[in-house]
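Numbering (full-length UniProt numbering), first residue to last: 1 to 1120.
Don't be surprised by glycine CBs; every beta carbon is placed ideally from N, CA and C.
Treat the numbers as computed from the prediction; the structure is a model and nothing was measured.
Written out below as structure tokens is the structure these notes cover.
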């Protein structure tokens, strides 16, 4: 060990010893602190704990024994005599290391206002620079005196703060202050060496907790900036920093995992994640009175836990937020240590990947001193993203830990399209905290790269969940969706969260719309900050997301000026925007020539999907990339095109319909697509995400209804984010319709269609395309279609194909349509029809209708089982597979004082699903002529039980002339109204479905007596038996064919094989015992209904007889 290293170690040892001595006075159990804080000597509790002592702490404690702690005047006199004012141990440091009045970034900014503002921000670094005062006796102050200058956040935050420092470092690097940035990092590394971790801030009273562990990201940011330029001195400094930081970061990592790890159990599997928690059982020294007041409102038995959770919330940086509260408006219900945060675990994924990269970088530099450090660092970062196969690769442990943690985040904290904090339960059980609403912390895993390898569809839904979350506003992204008065809730917008959200969205490189959303949010944030700065002359700690340029509020202290992380984020955003503007624009490529169709002209370029062309949109006059054309690079077969989407080339791959939402397109080695059924995502996102991915579109992909260049409908009533913001210039050339009324492309054939009701397809009498109407059958539009190709009898491509189908008014395809052809090998076997592309179809079973009707009848007669004043309301149960929903049962539900009784609901649902394990809660039913806002409010409450609940609405006074059932099935959708996502009801189609047992039972109920020769039941059973025999013979033919294909005796017909595969997916699984059991259950059900029908009929006869006896007795007649 060198003399310098020995001296540094002694200094750090002295820092720890001095902190222990100072804490004798400044810890929460100190009698001096308790007296000073409870007598309210200062408005801000932090003022006292930041005041240096004039004598040693031991002498302070000894002298205070003679003071009457209950006497405010005596305590005040003692404090004035023995303590100095705050900041006496700090001094201004002068310009930070490397600072210049005109950093290079000013030359990158093109806008004069941006230049002036950036110059002012750069000057703020000088004003915020601090250093420990020379000769200061560290044992007499709560300051953990840094050995180098630092940049303070500002205001009451005079000392270094852990996670603030990350954005300060980023801002310093933008201004080329490499020396100052390195000093900031080294000061924090000193804390790790002295204490084993980085405390919340540079004060002794912060030594019971840390803050979000971002030190490794500071080291990474420094290496990225220092190694970017070809500067030998900076590269050497970067390597030296990496060598010093790497072992200390391992020490910090071990401290976190030792103190914060929790074991959680999800679906029977155990994972290791992190949560914020401390050992504190007393009020925080710097917020002593506030914590006392909070704990006083809690039960006495919980007060120690409240103090610990308040400190843990401070450790999170989010002090305070509804994220940590059991009840959003009551701080005393805080339960931080019970929450498994999505953001902390995402930060730790970055921490572990950074450690893996640093180990590999340092090792590579030592082994090959001649290799460029910039290249070695880039390779180390790339390698760290995946765990190595070799066991002894440097940093392998951390790469594996990061990979495992990322998998745990997805397994434990993913909730729908995004992530969400989890709540720890008994035995480590974890459940999502849905009741606290969305928060920006939900999207931190984006920044950590957890979604980098997601399918494009999942990434689209993730971004859509952000757009529809209610967090995005004119003044930036709000912290949470709840306004509780706490500072880390709505409407406050915080700079670090804007930075993380921006960086996370930009990681989705395969989804350029995410980048454009990031651009938009970045512009809004910069505009709001500059407006606030120009109006007040200050940079602020936080802003109001709802009022651009307004200062944020709430919390336990006044809004602060300065402000370190605000300056850093603004400088990063300014430079990034300037560099984006300076990049060469991506021109729209000319599409390659299309293959000519015999007897026709060449396909217009606007009808081309792929072939090297990339769609673009206009944003403020510049050309950017549209995400709607981002799947051009997928494998395909030019002879068949997209197997279920139609219209890629002159042979069109199947035509109309398109793929339904909730399916995933995959490709096999021959390039043919197949569909894997999945449970559909939440319906609330459909309006916003419609048109963003081809899975949402009706009408069969780009070319549409099974033909050369036409369109069979297009997207189903959806818009993409670019269209919503007025940034798309693709118009009708886009393969995804942006028109809410027009479908996409027309009814098939060369050149597309048109239509009466929409500019790009369908309409009331929608066009059938150009070249022969898309095939032999021609036609398009249809009878009732006002939104896209197809309709009641709409035509399309192929021999007898139809671009529409039966009563489909939402896009190509249709219920039974198909834009392809009957047996045209160039256009697919049966077209790509099917039901509307993104619409669920409901099968309503009679027992559910009987249940609702019975409930209504009993309420009307006063015989309801629930509360007498409760309206007719109940739960729907059944099954959902993909877009097919079957409603089997309806049970009653209670409301109390006009509010839904959630306890009763949960109990009823648990009882029902315990008996019928294969059924789930699908939604609710009610009585009403039509839906009202009150129904929509009630529907929102059911979102906690099903991500897209149904509402069955029965008309209590149906028209006598109506021949249809007085029933409407509704679901909630989001429409964008005046740029605001608004939830509305939409009607779903339904059909009456019956099981064998139900059909037999209904016949028995309707007619219990047989006819002279044979009963209707006998006839029905014979018909069913005949159908089963016929089906058996057809299945035998299919089995023989499949055996022949498997044995190489027959050529495979892939269209037929896909249909067989789809049929098999719908068949029940299970062996003979399962089928026997199901058959016996249905048989017993039928017998029971028959028995009940007989009992009911006999009861009616007895009732009729008794009424006659009563009538005779009333008239005084005598029985003979």
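To the nearest angstrom, how far is it from the Cα of residue i to the Cα of residue j?
{"i": "residue 194", "j": "residue 12", "result": "5 Å"}
{"i": "residue 1108", "j": "residue 1102", "result": "10 Å"}
{"i": "residue 1113", "j": "residue 1097", "result": "25 Å"}
{"i": "residue 243", "j": "residue 285", "result": "36 Å"}
{"i": "residue 1038", "j": "residue 1025", "result": "20 Å"}
{"i": "residue 968", "j": "residue 845", "result": "14 Å"}
{"i": "residue 119", "j": "residue 575", "result": "12 Å"}
{"i": "residue 926", "j": "residue 934", "result": "12 Å"}
{"i": "residue 281", "j": "residue 188", "result": "26 Å"}
{"i": "residue 185", "j": "residue 219", "result": "7 Å"}
{"i": "residue 346", "j": "residue 339", "result": "14 Å"}
{"i": "residue 909", "j": "residue 1028", "result": "36 Å"}
{"i": "residue 957", "j": "residue 929", "result": "8 Å"}
{"i": "residue 1078", "j": "residue 847", "result": "18 Å"}
{"i": "residue 552", "j": "residue 478", "result": "10 Å"}
{"i": "residue 403", "j": "residue 421", "result": "19 Å"}
{"i": "residue 1121", "j": "residue 437", "result": "Since the first and last residues shown for the chain are 1 and 1120, residue 1121 lies out of range."}
{"i": "residue 20", "j": "residue 183", "result": "25 Å"}
{"i": "residue 168", "j": "residue 541", "result": "13 Å"}
{"i": "residue 235", "j": "residue 276", "result": "36 Å"}
{"i": "residue 362", "j": "residue 17", "result": "33 Å"}
{"i": "residue 1084", "j": "residue 399", "result": "58 Å"}
{"i": "residue 24", "j": "residue 296", "result": "25 Å"}
Could you say which of the options lies nearest to residue i if we only look at CA atoms?
{"i": "residue 509", "options": "464, 298, 396, 460", "result": "460"}
{"i": "residue 210", "options": "315, 456, 125", "result": "315"}
{"i": "residue 258", "options": "25, 278, 239", "result": "278"}
{"i": "residue 294", "options": "285, 96, 535, 307", "result": "307"}
{"i": "residue 920", "options": "876, 932, 578, 936", "result": "876"}
{"i": "residue 337", "options": "958, 350, 907, 312", "result": "312"}
{"i": "residue 1155", "options": "555, 526, 454, 435", "result": "Shown here, the chain extends from 1 to 1120; a query on residue 1155 therefore has no answer."}
{"i": "residue 906", "options": "1099, 1046, 874, 156", "result": "874"}
{"i": "residue 525", "options": "511, 507, 500, 512", "result": "500"}
{"i": "residue 39", "options": "369, 65, 77, 1050", "result": "77"}
{"i": "residue 443", "options": "426, 457, 206, 469", "result": "469"}
{"i": "residue 123", "options": "164, 176, 166", "result": "176"}
{"i": "residue 371", "options": "322, 409, 239", "result": "239"}
{"i": "residue 271", "options": "533, 255, 410, 322", "result": "410"}
{"i": "residue 84", "options": "52, 58, 283", "result": "52"}
{"i": "residue 14", "options": "125, 939, 139, 50", "result": "139"}
{"i": "residue 578", "options": "1076, 105, 56, 44", "result": "105"}
Per DSSP, residue i is paired with what?
{"i": "residue 271", "result": "264"}
{"i": "residue 879", "result": "886"}
{"i": "residue 841", "result": "884"}
{"i": "residue 974", "result": "983"}
{"i": "residue 493", "result": "543"}
{"i": "residue 969", "result": "952, 988"}
{"i": "residue 899", "result": "896"}
{"i": "residue 551", "result": "543"}
To the nearest whole angstrom, what separates the beta carbons of residue i and residue j, a pair I think is in contact under 8 Å?
{"i": "residue 430", "j": "residue 463", "result": "About 25 Å; that fails the 8 Å criterion."}
{"i": "residue 204", "j": "residue 142", "result": "5 Å"}
{"i": "residue 565", "j": "residue 496", "result": "6 Å"}
{"i": "residue 146", "j": "residue 98", "result": "Going by Cβ atoms, the distance from residue 146 to residue 98 rounds to 17 Å, so no, they are not a contact pair."}
{"i": "residue 252", "j": "residue 174", "result": "Wrong, their Cβ atoms sit about 26 Å apart, outside the cutoff."}
{"i": "residue 214", "j": "residue 255", "result": "The pair is not a contact, with the Cβ atoms about 15 Å apart (cut-off 8 Å)."}
{"i": "residue 545", "j": "residue 473", "result": "4 Å"}
{"i": "residue 498", "j": "residue 521", "result": "7 Å"}
At least one CB of chain B closer than 7 Å to the CB of residue i: is that the case?
{"i": "residue 119", "result": "The chain labelled as chain B is not found in the depicted structure, where only one protein chain is given."}
Secondary structure, beta strand (DSSP E): runs of 3+ residues fully inside the region 375 to 461 = 422 to 424, 430 to 432
Segments of 4+ residues assigned as alpha helix (DSSP H) that fall wholly inside the region 113 to 182 | The region 113 to 182 contains these whole alpha helix (DSSP H) runs: 162 to 174.
Go through the region 39 to 101 residue by residue and report every complete run of the alpha helix (DSSP H) that reaches 4 residues or more, in order.
-> 45 to 49, 57 to 64, 72 to 82
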